[in-house]
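Working notes for the structure below.
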Amino acid sequence: MTIPDFSRRKFLLGSGSLAAAGLAVPAWASGQSLTHARNGFGEMSGEQIDLTIANHHFTTGARSGHAIAVNGTVPGPLVRLREGQNVRLNVTNMLDEDSSIHWHGLLLPFQFDGVPGVSFPGIRPRETFSYEFPVRQSGTYWWHSHSGLQEQAGHYGPIVIDAAEPDPRYDRDMVVLLSEFTARHPHEIARMLAVGEHYFNRQMQTVGDGAMSLEDRLMWGAMRMNPRDISDVTGATYTYLINGHGPADDLQFAFQPGERIRLRIINGSAMTFFNVRIPGVPMTVIAADGQDVDEVEVDEFQIGTAETYDVIVTPPDGSHALVAEAMDRSGLGVASLTSRPGLSATPPPLREIPTLTMADMGMGAMDHGSGDGVDHAAMGHAMPATGEASGAMDHSMRDTSLLPPDVEVGPGIDMVSAMPMERWDFPGLGLDKVSHRVLRYSDLKSKRANPHRMPTRQLEIHLTGNMERYMWSFDGKQFSAVTDAPIRFGFDERVRVKLVNDTMMAHPIHLHGHFFELVNGAGMMNQPLKHTVIVQPGSSATFDLTADEPGDWAFHCHLLYHMHAGMMQTVTVRPFPEGEGA
Amino acid sequence: MMRTLLLASTALIASPAVAQDHSAHQMQEPPAGQANDHSAHTMHQAPVEQAQDHTAHPPQEDQPAESTPHDVHSSHEAQSEAQANPLGQIRATPRAPAQPAQDTMDHAAMGHGPAAQQIPSGPPPARAFEGPQHAADLFFDQQRMAQARSYNHATHGDMKTGTILAERLEAHFADGEEEYAWDITGWYGTALDKFVIKSEGEGAFGGELEEAEVQALWAHAIGPWFDLQAGVRLDIEPDTTAHLAFGAAGLAPYNIHVDGTAFVSDNGDLTARVEAEHDMRLTQKLVLQPRIEFELAAQDIPERDIGAGLYELSIGARLRYEFVPEFAPYVGVEYGAATGRTADIIRARGDDPSGFAVLVGLRTWF
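Right under this line is the structure:
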C-alpha cells in the first residue's frame, strides 16, 4: 500500500478529539485490541487496499454494544482514491455470516458493485473478494455493507476521490460522516417496527396539544394516520454520530482562521435524515452526491440517508458547532469546528418537532402549510387523469383507481396520493418555515453541462407502503414477491422516470451504478446529477436517466428497514454481451 | 401470496420457488417485433417533441436540426457499441463534455406539462431483454448466484416475527369482591399471515377460576388495516367446550382497535363477541384507554345461564403509565352488566346483574 503525497492540502481525519490527537493513527496500524472498535477511522489509499470485516464492541456516551467494524473502526477506513487510477480492494469477511461492500455512488462494472444476489454472490465467512475497477470520477461517496442489516451495526465508511485537476477553491478538506449507533440488535429493531406501533416515536401528538385544529385532528384520525410519523427509528434508541463520535465524545475539528475548508458531508446513517448547520457560518454548496453543482450559499440543508453534499466554509476565529439534527428532532450529532484546540462549541437546543401537513398526504394544493404547493398547483401537471382529486376533503386517501394498472393493490398499500406534486422547492420536513437560507433541490444546477437528449420513454414507479403492518414496496410488490421481473432499460436508453410517493414518509431512493438527472427546472443540460433522490411524502420526483451502464443493478429505498421490508427492485440495463466475463 | 398462506417455513419454500421462476421467465416474454415497432415509433416521435417544445418556449435553445438526428443516431450507435464493447470496458472520455451552457430556461426539461405527457409510456425496447437472464451469471458460479438471489429476495420483505401482548393483567375491586382477569394475545408470522393465540379469563382471588379460554387462530390480511381470523376456541371453565371461531380484527377509522368474532360451540350454540378500544395519548407516557365489549348469543344457553340477544356488556377506561412502552401499569374503572334474559336469570338468583369495579393492572408486551 502506498500513501500518495497530497502536497497541496492537508487532510484532517477527524478521528478523535484533539485532546487525544494521537488517535489520528489508522486503527489497523495501532496494534490496539481488535475486540473493541475504535470510534472514527483511518485512511487507506493506493492501488491496492485491504479491508477486513469483523465483529467488535463499540461504545459512545452511555450506549455500548455489538458492532461490525471494518479494519477495527466504526466507521471503517476512509478509502481515498484519485480520479484516473486503478484500484483493487481486497475485502475479507471475518464474520460468521455472509457480508459484502457496496461502493455507493461509484461508476464501475456491475459485477463489482457489491450487492449479494444482484451483482455478485456475496462474501462468505473467511473468504476474500477482490473488487477491481478503474476510478472514473471524483467527489465524495461512501461504502457500506449490502448484506442484511449489517450497515446499522457499523459496517460503512467514507470514500473521497480527488479530482485529476486540483480545485483551488479550498485549502483543506474534512470528512463529516453522519450515522447512528444503537445497542439494540438490528433485527430486534426490525421486529419492533413490525410489532410495536410507533415504538421508537416518543414525540407523538397528545390530546392536549393545541397546535392542530380539531377538524384536522379528526381527519388524520379518520385516515388512521399519524401526523408525527416523521422517523421510524429515533433518538429513543440512536446516538447520532459524526465520524463515529457521539455528542458526549466532544469531537473537534481544528482549523486556522481564514482557512477555506471543504466539508465532505456524508449521510451514512441507516434511517436518519439530518438537518445540517453551523450557526453563524454560511456554507457554500459545491457538490451534491459527489457531482459538482453551481455554487449556492445556504445556512442549513437537509441531507437524506445516503446523500452527500460538499460545502465550503470559512469560519471566523473561535469555536463553532457543527450540528446534524435528526429530522424528527429527537437528537443530534455534534462536533466543534474550532480554531482554539480544546475549546468546544455549545450546540443549539433541539427545535420543535415538525408535524406533517396535507401536502404530505398527497393532497398537494390543498396544503395550507408549506408555501410551495401553490406554484406547482398552478402548473397543473400532477392532476391524475380521473380528476376526482379535487374532492380532496372527501377523506378518500386510498382511491386505488388512481393507480396505474401495474401497481398491485393489496393490504400493502394504505394510502394513494390523490394529487402528488413535484416539490423541488420544499427544503425538507421541518425546514420550510425557518427564517434563514435552506438548500432546496431546485437550487441544484449541474456545473458541467449534460448532453441534451429528450427521453424516448417515460416510466412511473409508485412508492407504496403500509405503516401499520410495516410493509414497504415499489408498485405494491415487496421485493420478496417480485421474484424475477426487473425494471428493464435498453442500453443507452434515455428514460424519464417519475417516482410517486403514495406514503407519508420521505424516501431516499437510490439507483446503483448510475447518476440520474433531477428534472428540477434547472434546464435539461443543467439538471443536477444524483445517485439518491428524496421523494417527499405524498409527492412525486422525476428524473431523467441515461441507462449507459450495462448489467444488473439494485434500486431501493435507502432507509435500511424499508429496504429490508421490501422496498427494493432490480434494474437491468441491456444488451449485455454474452460470453464475456470470468 | 399462495406461498405465504402456508404457515410452514417460507425460507425453505421460497428458495425453490424463486429458482424455478428464474428458469422460466422473462427472456422470451416480450414479442420482439412489437418492441421494435415501439422503439421505431419513439424515434420518429422525438423530432415532434423537439419542435413543439420550441414553439411553446421560443427563447433560445440548441438547434433542433442538430440534436434530433443525434438522438436517433446515438440509439443506433449505442446498440452497436454495446455489442462491440465487453462489459465493464470503460469509456475513456468523460461522460459530460464541459461546455458552458446557460440554457436555464429549458422548459422542455421541466418534467411537467406538455413535454412530459408527450414522452410515450410503454414497454422497454427489445434490446433490454437481450443477454442472459441474470447478468452476474456470466461472472460467477451460477449455483451460488441462484442461492444468493433467492436469499436476497427472501430477506427483503415477508419478515416473519412475533410478539406477545398482555393487554390486561388486572385485579377488580367491587363491593368487597376481589377478582382477577387476564387478556393476552400473541402472534407469529408475516405482515399478511399470522398464527394468533388469544387467552382470556377471570376468577376470584382465593376462589375458583370462573372463566378461562384459549383461541388458536389463523389471521390473513383482507385489507390495509384488517385481518380475517379463523380457528378454534377452547373453554376450560366454566366447562370444557370447544368452538369454531371466525371474525375480523384490525384498526378502524379514528384509530379504534376492533376485534369481532363469532363462535359456534360443539353444542351448536352461536355466540359473538365484539371488543373495541382506543388509545388516547395524554402525554408521551400517560395513555387513557376507553374500552367496550359486547357479548351476544343467538339462542338461550341454559347451562351457562345465558339468554338470547345481547347478554353482557362492559364499558371501561384504563389510565396507564408507560415507564417504557413495554411496561405500563394502570388504574381504571369498569361498568359491567348482564342484560336481557341473562340479567333476569341473575336477578332470579338474587344477585346483582350489573356493577362498577375499580381496576389495577399491568399492560405489558415483548
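First to last, the sequence lines map onto chains B and L.
Going by the numbering used here, the residue at position 372 of the first sequence is 380; the numbering climbs one at a time, nothing skipped.
Going by the numbering used here, the residue at position 63 of the second sequence is 1235; the numbering climbs one at a time, nothing skipped.
Idealized CB from N, CA, C, for every residue including glycine.
Given the structure is predicted, the values throughout are model-derived calculations rather than measurements.
Residues sharing a beta bridge with Lys1370 of chain L, DSSP: Position 198 of the second sequence, counting from 1, holds the residue named residue 1370 of chain L. DSSP, once it has assigned bridges, lists L:Thr1357, L:Gln1387 as partnering Lys1370 of chain L.
Buried/exposed call for Lys506 of chain B, threshold 16 Cβ in 10 Å: In the first sequence, residue 506 of chain B corresponds to position 498, counting from 1. Buried: at least 16 other Cβ atoms inside 10 Å.
Three-state secondary structure (DSSP) of Ile1518 of chain L: For this step, residue 1518 of chain L is matched to residue 346 along the second sequence. Helix, per DSSP.
Top-ranked residue by Cα proximity to Gly173 of chain B, from B:Gly92, B:Val241, B:Gly339: Position 165 of the first sequence, counted from the first residue, corresponds to residue 173 of chain B. First, the amino acid is wrong: residue 173 of chain B is Glu here, not Gly. Checked all of B:Gly92, B:Val241, B:Gly339; the closest Cα to Glu173 of chain B is B:Gly92.
Where the beta strand (DSSP E) containing Pro166 of chain B begins and where it ends: Working through the first sequence from its first residue, we reach residue 166 of chain B at position 158. That run of the beta strand (DSSP E) goes 164-170.
Chain-order list of residues whose beta-carbon lies under 6 Å from that of Ile1478 of chain L (same chain, five-residue window excluded): Working through the second sequence from its first residue, we reach residue 1478 of chain L at position 306. Ala1469, Thr1514.
Interface residues of chain L facing Glu173 of chain B [CB-CB closer than 7 Å]: The residue labelled residue 173 of chain B in the question sits at position 165 within the first sequence. Correct list: empty, because the minimum Cβ distance to chain L is about 11 Å.
Span separating the alpha-carbon of Pro459 of chain B from that of Pro355 of chain B: Here residue 459 of chain B refers to the residue found at position 451 of the first sequence. Here residue 355 of chain B refers to the residue found at position 347 of the first sequence. Between the C-alpha atoms of Pro459 of chain B and Pro355 of chain B there is a straight-line separation of about 44 Å.
Residue from L:Glu1372, L:Glu1494, L:Thr1333 with nearest C-alpha to Ala1388 of chain L: Sequence index remark: in the second sequence, residue 1388 of chain L carries index 216 (1-based). Of L:Glu1372, L:Glu1494, L:Thr1333, the residue nearest in Cα terms is L:Glu1372.
Backbone CA spacing between Ser107 of chain B and Tyr1493 of chain L [nearest angstrom]: The residue labelled residue 107 of chain B in the question sits at position 99 within the first sequence. The residue labelled residue 1493 of chain L in the question sits at position 321 within the second sequence. Put simply, the backbone Cα of Ser107 of chain B is about 42 Å away from that of Tyr1493 of chain L.
Contact list for the region 1374-1394 of chain L against chain B, Cβ threshold 8 Å: If the cut-off is 8 Å between Cβ atoms, the region 1374-1394 of chain L has Ala1393, Ile1394 near chain B.
Residue-chain proximity (Arg96 of chain B, chain L), Cβ-Cβ < 9 Å: Locating residue 96 of chain B in the first sequence gives position 88, counting from the first residue. No, Arg96 of chain B lies away from the interface with chain L (no Cβ there is under 9 Å from its Cβ).
Within 9 Å, strictly: CB atoms of Thr292 of chain B and Val304 of chain B: Within the first sequence, numbered from 1, the residue matching residue 292 of chain B stands at position 284. Within the first sequence, numbered from 1, the residue matching residue 304 of chain B stands at position 296. Remark: C-beta atoms of Thr292 of chain B and Val304 of chain B approach each other more closely than 9 Å.
In DSSP terms, what Val93 of chain B is bridged to: For the purposes of this step, residue 93 of chain B is taken as residue 85 along the first sequence, with counting starting at 1. The sequence shown places Gln at residue 93 of chain B, rather than the Val named in the question. According to DSSP, Gln93 of chain B bridges with nothing at all.
Minimum Cβ-Cβ distance from His1306 of chain L to chain B less than 9 Å: Within the second sequence, residue 1306 of chain L is the residue found at index 134, counting from 1. So, interface residue.
Nearest neighbour of Asp500 of chain B, chosen from B:Phe523, B:Met571, B:Gly370, B:His564 [CA to CA]: Translated into the one-based positions of the first sequence, residue 500 of chain B becomes position 492. With distances taken between Cα atoms, Asp500 of chain B lies closest to B:Phe523.
Per-residue burial, Asn1439 of chain L [other beta carbons within 10 Å of its own, 16 or more giving buried]: The count along the second sequence starts at 1 and reaches residue 1439 of chain L at position 267. It is exposed - the Cβ of Asn1439 of chain L has fewer than 16 other Cβ atoms within 10 Å.
Proximal residues of chain B, C-beta to C-beta of Asn1439 of chain L below 9 Å: Here residue 1439 of chain L corresponds to residue number 267 of the second sequence, with the count starting at 1. Under the 9 Å cutoff, chain B gives no residues; its nearest Cβ is about 36 Å from Asn1439 of chain L.
Test: Tyr1502 of chain L CB closer than 9 Å to a CB of chain B: On the second sequence, residue 1502 of chain L is found 330 positions in, with the first residue counted as 1. Chain B places no beta carbon closer than 9 Å to that of Tyr1502 of chain L, leaving this residue out of the contacts.
Other residues of its chain near Glu1374 of chain L: CB distance less than 7 Å, five sequence neighbours each side excluded: Indexing the second sequence from 1 puts residue 1374 of chain L at position 202. Listed in chain order, the non-local C-beta contacts of Glu1374 of chain L below 7 Å within the same chain comprise Glu1351, Tyr1352, Ala1353, Glu1382, Glu1383, local neighbours out to five positions each way being set aside.
Residue burial classification, Phe1538 of chain L (beta-carbon count within 10 angstroms, cutoff 16): For the purposes of this step, residue 1538 of chain L is taken as residue 366 along the second sequence, with counting starting at 1. With fewer than 16 other CB atoms across the displayed protein chains lying within 10 angstroms of its CB, Phe1538 of chain L is exposed.
Among B:Ala219, B:Trp111, B:Thr554, B:Asp556, the one whose alpha carbon lies nearest that of Pro362 of chain B: As a working mapping, residue 362 of chain B is identified with position 354 in the first sequence. Of the listed residues, the one whose Cα sits closest to Pro362 of chain B is B:Ala219.
Asn534 of chain B (DSSP reduced to helix, strand or coil): Within the first sequence, the letter at position 526 stands for residue 534 of chain B. DSSP, reduced to helix, strand and coil, places Asn534 of chain B within a helical segment of the structure shown.
Contacts of Asp560 of chain B in chain L (Cβ-Cβ under 9 Å): Position 552 of the first sequence, counted from the start, is the residue given in the question as residue 560 of chain B. Ordered by position in chain L, the residues that pass the 9 Å Cβ test against Asp560 of chain B are His1306, Ala1307, Ala1308.
Neighbour flag for Gln1319 of chain L against chain B, beta carbons, 9 Å: Taking the second sequence and counting its residues from 1, one reaches residue 1319 of chain L at position 147. Yes, because at least one Cβ of chain B sits closer than 9 Å to the Cβ of Gln1319 of chain L.
Gln56 of chain B, enclosing beta strand (DSSP E) - first and last residue: The count along the first sequence starts at 1 and reaches residue 56 of chain B at position 48. Taken as a continuous stretch (DSSP letters only), the beta strand (DSSP E) holding Gln56 of chain B covers 56-68.
Segments of 3+ residues assigned as beta strand (DSSP E) that fall wholly inside the region 256-341 of chain B: If we require 3 residues or more, the beta strand (DSSP E) runs fully inside the region 256-341 of chain B come out as 260-262, 269-275, 282-285, 291-296, 299-306, 308-311, 316-321, 327-334.
Between the CA atoms of Ala1500 of chain L and Pro129 of chain B - distance to the nearest angstrom: Translated into the one-based positions of the first sequence, residue 129 of chain B becomes position 121. Translated into the one-based positions of the second sequence, residue 1500 of chain L becomes position 328. If you take the alpha carbons of Pro129 of chain B and Ala1500 of chain L, they lie about 46 Å apart.
Closer than 9 Å to chain B by CB, Pro1497 of chain L: To locate residue 1497 of chain L, count along the second sequence from 1; it is residue 325. Pro1497 of chain L counts as touching chain B.
Chain L contact residues for Arg199 of chain B, given Cβ-Cβ distances below 7 Å: Here residue 199 of chain B refers to the residue found at position 191 of the first sequence. Neighbourhood of Arg199 of chain B in chain L, by CB distance below 7 Å: Thr1333, in chain order.
Short CB-CB distance (under 9 Å) between Asp380 of chain B and chain L: By one-based count along the first sequence, residue 380 of chain B stands at place 372. In this predicted model, Asp380 of chain B has a pLDDT of only 39, less than 50, meaning its place in the structure is not dependable; the value taken from the coordinates is given anyway. Not one beta carbon of chain L lies nearer than 9 Å to the beta carbon of Asp380 of chain B.
For Arg199 of chain B and Thr1536 of chain L, believed in contact at Cβ under 8 Å, the rounded distance: Locating residue 1536 of chain L in the second sequence gives position 364, counting from the first residue. Locating residue 199 of chain B in the first sequence gives position 191, counting from the first residue. That belief does not hold up - the Cβ atoms of Thr1536 of chain L and Arg199 of chain B are roughly 16 Å apart, past 8 Å.
Straight-line Cα distance separating Ala1308 of chain L from Ala62 of chain B: Along the first sequence, one-based indexing puts residue 62 of chain B at 54. Along the second sequence, one-based indexing puts residue 1308 of chain L at 136. Approximately 26 Å, taken between the alpha carbons.
C-beta atoms of Gly1624 of chain L and Gly1422 of chain L nearer than 9 Å: The structure shown does not extend to residue 1624 of chain L, since chain L is modelled only from 1173 to 1538, so the question has no answer here.
Straight-line gap, Leu157 of chain B to Gln1305 of chain L (C-alpha atoms, nearest Å): On the first sequence, position 149 is the one that residue 157 of chain B refers to. On the second sequence, position 133 is the one that residue 1305 of chain L refers to. Distance between the alpha carbons of Leu157 of chain B and Gln1305 of chain L: 27 Å.
Backbone CA spacing between Ser450 of chain B and Pro536 of chain B [nearest angstrom]: Taking the first sequence and counting its residues from 1, one reaches residue 450 of chain B at position 442. Taking the first sequence and counting its residues from 1, one reaches residue 536 of chain B at position 528. Per the coordinates, the alpha-carbon of Ser450 of chain B lies some 9 Å from the alpha-carbon of Pro536 of chain B.
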